[in-house]
Structure formats: structure tokens, C-alpha cells
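Peer 1: One structure coming up, written as C-alpha cells, with questions to follow.
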Amino acid sequence: MLLSILLPVFGACSHAYTVKVSPADAAVIVDGRIVHIGEEYRSPEADIRVSVSREGYEPYHGRYSLSGIFSVDEIVVNLTPRQYQVSIAVTEGVYRCLIDGIPAGITPFNGTLSFGDHRVTFFTAKGPALTVPIRVRREQAFLFRPQPAPLPIGQMGVFPCGEQPKQLLFSPNNRFLFITLLNGEGFQIFDMTSRAMRDTIRVGRWSGRKGFPEGLFVPAHGAFFVSQMSSDHIFEYGLHEDGSVEFRRALSSGGVFPKFMD
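Taking our numbering, the leading residue of the sequence shown gets 36, the next gets one more, and so forth.
Here is the structure:
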């Protein structure tokens, strides 16, 4: 009688497991199902397939054999960050530098760094040390400007843009920086996450004309307006969350040399 009772019980048993991953915000899939790190799950099968992925890290795919029905297996996966070729330079002079506290020679630095956040410290005999954070997300170049005295805020870097930038405006979601160009044919969009120029928008109705001094966001209408002094017009663009824009219309300013909008 005891055997007849135990057999159905063992037949219905499942295998318990948890998944621990570094970095902790990686996506985990077990046997085609999304699972959450640290939570306990059960599988009717002893062998499971595990996939882990995250931006900037090499993906992991593996199989695990769970040990038994009376214990909880902990599956541990440590992802390997991708390595990217980067250069780090200053606008003038030669500096000794440390990267994450490790000597890295003199500027310009050219080498590989892992995906993620790092700290770079520049040293020179003529001024104070300059420590700046960098975020490596791809192959990229970093440029910094030495300061004669310490600043109360951190320096993000020096980034190239179009000629005679006039105004800087943060997008409503604070993910992008819009740059109007006095000596350009439109405006530029800078991505604050990747710290790279996302796009250059040329207003093509009057080809070759320049002079874009001011911009204005109207979030309620998903719109961005930019004025052009050389054509006496204001241009409206539709604005999307990903920083892309689309031309909507051109409006006469009703006067000459339109500049400020409020």
C-alpha cells in the first residue's frame, strides 16, 4: 500500500531552481519562459535551457541538469562585458592619465575598455588633476578640455557640432539636446545617452539659406519650432520619444529676421 501511494507523488514532482545573474538587470529566459532573478521556479524536467542577455555583454546560452526534487538549485551566470576600441585625448597639452586608478600612459590613450562606466584622471605639472567619468557603449573617441582650476561640476567632454551653435535645448524627455545653428542650414540633435550626434536636420525649403537662432518645444502638441532669420519663417517639426523629427509646416513670421520665440 505504501508503494502505491508514493508512486503518484513522485510522478507529479518538479525540480526547483533560482537564477542569479551579474549584472542583475540582464534578461533571463529558461525553456522559452522569462524568469526573474532571485525568484524560485519549478520545472517538470531535470534538464533546462538557460539564455541570458544584456546590452553591452556577450550573450550566454547553456543547459543545466537540476540535481533533484528535494532541493533548490541555484544557477549562477556571470556575463562577460564586451570590449571596445576607444581613444581618450585632451584639447591641448600632454597629460599622464589613470583609468579606473590604473596607469594608462600619456594622452592620447588608444586601447580597449570594457562596456560600462569608467573614471579617467589626467595629471599635469601646470594645473590641477582632472577626473572625468566616461561611459563606454561602442567604439568611440573621448575629448576633454583641461581646466586651470577645479570645477564644481563634472565635465562630460568636448563634442563637435555645426558652425556657430546658438542655442541648446533639452527635449521634454531630457534624452536629447537640440542645437540651433546660426551658420548652418538647420539644427542638430545630440543623444545624451550615447553622447553622440544623432542627426543633423537641414531645412530644405530654401536650400542653402542659413541662420537658425532659436528653438522652442511645445510638448502638448509633440512639436518643435525653429526660427530662421534669413527667410522670415518659423518651421514646425513633429517630435518623437526616440529623438527623431518630421517636418510639418512652414509659418510666416509676419516680420523680418525672426529670432526669439516664447
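By construction, the Cβ of each residue, glycine as well, lies at the ideal position given by its N, Cα and C atoms.
Please return the same chain residues whose Cβ sits closer than 6 Å to the Cβ of K201, not counting the five positions on each side in sequence.
Peer 2: So the qualifying residues of the chain are T215, L217, P248.
Peer 1: Which whole-angstrom value describes the C-beta separation of S327 and P143, a residue pair presumed to lie in contact below a C-beta threshold of 8 Å?
Peer 2: Any answer about residue 327 is impossible in this case: the structure gives the chain only from 36 up to 297.
Peer 1: As a quick exercise: from T159, L101, I110, G140, pick the residue whose alpha carbon is nearest that of E127.
Peer 2: Taking only the C-alpha atoms, the option nearest E127 is T159.
Peer 1: According to the Cβ coordinates, are L178 and G192 closer than 8 Å?
Peer 2: Against a cut-off of 8 Å, the Cβ pair of G192 and L178 comes out as a contact.
Peer 1: Please name the residue or residues paired with F109 in a DSSP beta bridge.
Peer 2: Per the sequence presented here, residue 109 reads as Glu, with Phe not at that position. Note: E109 sits in a beta bridge opposite T53.
Peer 1: Spatial neighbours of G73 within its chain, please: C-beta separation below 8 Å, excluding the five flanking residues on both sides.
Peer 2: Excluding residues within five positions, the ones whose Cβ falls inside 8 Å are T53, V54, K55.
Peer 1: Three or more C-beta pairs closer than 8 Å, one from the stretch 169-178 and one from the stretch 110-122: is that the case here?
Peer 2: Contact holds: three or more Cβ-Cβ distances are below 8 Å.
Peer 1: May I ask you to list the residues that DSSP assigns as paired with T156?
Peer 2: Beta-bridge pairing links T156 to L133, T166.
Peer 1: Figure out for me which residue from V238, F205, Q190 has the closest Cα to the Cα of P254.
Peer 2: Of V238, F205, Q190, the residue nearest in Cα terms is F205.
Peer 1: What does a CB cutoff of less than 6 Å around R210 pick up in its chain, not counting 5 residues either side in sequence?
Peer 2: Only M227 meet the Cβ criterion.
Peer 1: To the nearest angstrom, report how far apart V238 and R230 are at their CA atoms.
Peer 2: When rounded, the distance between both Cα atoms is 24 Å.
Peer 1: For L38 and S49, what's the separation of their Cα atoms in angstroms?
Peer 2: A caution first: L38 carries a pLDDT of 41, below 50, which makes its placement in the model too unreliable to give a value.
Peer 1: Which residue spans inside the stretch 199-259 form an unbroken beta strand (DSSP E) run of at least 3?
Peer 2: The qualifying runs are 200-205, 211-216, 221-226, 231-237, 250-253.
Peer 1: Give the secondary structure of S100 by DSSP, where H, G and I count as helix, E and B as strand, and everything else as coil.
Peer 2: Three-state DSSP puts S100 in a strand.
Peer 1: Please classify F45 as buried or exposed, where buried requires at least 16 other C-beta atoms within 10 Å of its C-beta.
Peer 2: Low per-residue confidence applies at F45: pLDDT is 43, beneath 50, and the placement is therefore not dependable, though the value from the model is reported in the following sentence. It is exposed - the Cβ of F45 has fewer than 16 other Cβ atoms within 10 Å.
Peer 1: What's the gap between the Cα of R244 and the Cα of E220?
Peer 2: If you take the alpha carbons of R244 and E220, they lie about 6 Å apart.
Peer 1: Suppose you measure from the CA of G140 to the CA of G146; what does that come to, to the nearest Å?
Peer 2: Cα to Cα, G140 sits roughly 11 Å from G146.
Peer 1: If you reduce the DSSP assignment to three classes, tell me which class V176 lands in.
Peer 2: Residue identity differs from the one stated: residue 176 is Ala in this sequence, not Val. Note: A176 maps to strand in three-state DSSP.
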